[in-house]
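*Asks:* Quick one: the structure is below, and I'll ask about it shortly.
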Amino acid sequence: MTLADRGDLLAAPLAVSMEASKQRGAPASVASAYGVRAYCGYLDGDLKSAQADVGVALRVMRSSESSVMLGAWTRTAVVIAVERGEPAAAQQLLDDVWRRRALGTGLPGTFLLLARGQLRALSGRHGEAR
Numbered sequence: 005m006t007l008a009d010r011g012d013l014l015a016a017p018l019a020v021s022m023e024a025s026k027q028r029g030a031p032a033s034v035a036s037a038y039g040v041r042a043y044c045g046y047l048d049g050d051l052k053s054a055q056a057d058v059g060v061a062l063r064v065m066r067s068s069e070s071s072v073m074l075g076a077w078t079r080t081a082v083v084i085a086v087e088r089g090e091p092a093a094a095q096q097l098l099d100d101v102w103r104r105r106a107l108g109t110g111l112p113g114t115f116l117l118l119a120r121g122q123l124r125a126l127s128g129r130h131g132e133a134r
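Okay, here's the thing in structure tokens:
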């Protein structure tokens, strides 16, 4: 993440990581590479590509038991959707991904609470944003 604002320097190493992860059948690594590229794209202002990349990361991780990664990429997707002016899509995504999942403790719960709080604050429900 040291180079998060220098997405131009990350394209090649992330592409290598994505390809190697796919060849080795390592879905969590594939999702991580796409998720990191999404976050870097977001920081660089390339919201369209960032949204596409985080979508891949989420599709890969939805069936996973890794609630930390699922939470991280859900939070990233919500931030990107909000930045694109799509809060309803962000809320739908949050509902879809976390339906029938426990809030959890630690990072997964934190990611969910941050995303949910941001959406509630955007809709004027500040008291519910905590």
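To get our numbering, take the position in the sequence shown, counting from 1, and add 4. Glycine is no exception: its CB is placed at the ideal position from the N, C-alpha and C atoms.
Determine the burial state of residue 97: buried for a count of at least 16 other Cβ atoms within 10 Å of its Cβ, exposed for fewer.
*Replies:* Burial check for residue 97: the Cβ neighbour count within 10 Å reaches 16 or more, so the residue is buried.
*Asks:* Should residue 76 go down as buried or exposed, given a rule of 16 or more other Cβ atoms within 10 Å for buried?
*Replies:* buried
*Asks:* Measuring alpha carbon to alpha carbon, tell me which residue in 85, 61 and 70 is nearest residue 109.
*Replies:* 70
*Asks:* Give every residue of the same chain whose Cβ lies closer than 7 Å to the Cβ of residue 94, excluding the five residues on either side of it in the sequence, and list them in chain order.
*Replies:* Answer for residue 94: 82, 85, 86 and 123, listed in chain order.
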